[in-house]
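In the working numbering, the protein residues as written are 48 to 163. We treat Cβ as the ideally placed atom computed from N, Cα and C, and that holds for glycine. One structure below.
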Amino acid sequence: MPILRIWRAEIRRALRHEYLDYLQATGVAAYQATPGNLGTSIAMRDLDEERSEVATLSWWTGMDAIRQFAGDATERARYFPEDDRFLLTRPDTVVHFDATLSVTTAGGVRTTGETP
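This is how it looks when you write it as structure tokens:
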């Protein structure tokens, strides 16, 4: 069953666009380089004048694939050298969910897939 891995943190709002570029070059690139990664989405929202929240959602074939990315401590968040320049919070953990239903729209056609 596919696994959804979610990491969230607060970042400096003034640096959100720069952070997105940095995140693509570090975290997203690391996801994509790991066998078993099925894809990634990044979401952001402004909290106030100083802070934005970022969430990375990554889909994986299973926990073995996540171990290849995160190591044996799969619940522990993974950070990169320049993260502290952008981050206001640095959560220690991530959350994993079993991806039990997927609904997508591609080319105007809606498809639904239930995973066993």
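Proximity to residue i [Cα-Cα], best of the options
i, options, result
"residue 124", "78, 83, 109 and 67", "78"
"residue 95", "133, 148 and 61", "61"
"residue 107", "81, 90, 68 and 152", "81"
"residue 149", "113, 117, 86 and 139", "86"
"residue 97", "117, 126 and 63", "63"
"residue 65", "117, 48, 134 and 116", "134"
"residue 52", "67, 83, 69 and 136", "83"
"residue 74", "92, 116 and 110", "116"
"residue 71", "88, 93 and 139", "88"
"residue 56", "151, 152, 145 and 139", "139"
"residue 137", "145, 146, 147 and 126", "126"
"residue 69", "145, 132, 152 and 112", "132"
"residue 145", "113, 92 and 100", "113"
Whole-angstrom C-beta distance between residue j and residue i, which should lie under 8 Å
i, j, result
"residue 141", "residue 122", "6 Å"
"residue 50", "residue 143", "5 Å"
"residue 102", "residue 90", "5 Å"
DSSP beta-bridge partners of residue i
i, result
"residue 100", "57 and 92"
Practice problem: Any chance you could list the alpha helix (DSSP H) runs of at least 4 consecutive residues sitting entirely within the stretch 102–156, in chain order? | Solution: 110–117
Exercise. Quick one: which unbroken beta strand (DSSP E) runs of 3-plus residues sit fully inside the stretch 49–85? Chain order, please.
Key: Under the rule that a run must span 3 or more residues, the beta strand (DSSP E) segments found entirely inside the stretch 49–85 read 50–59.
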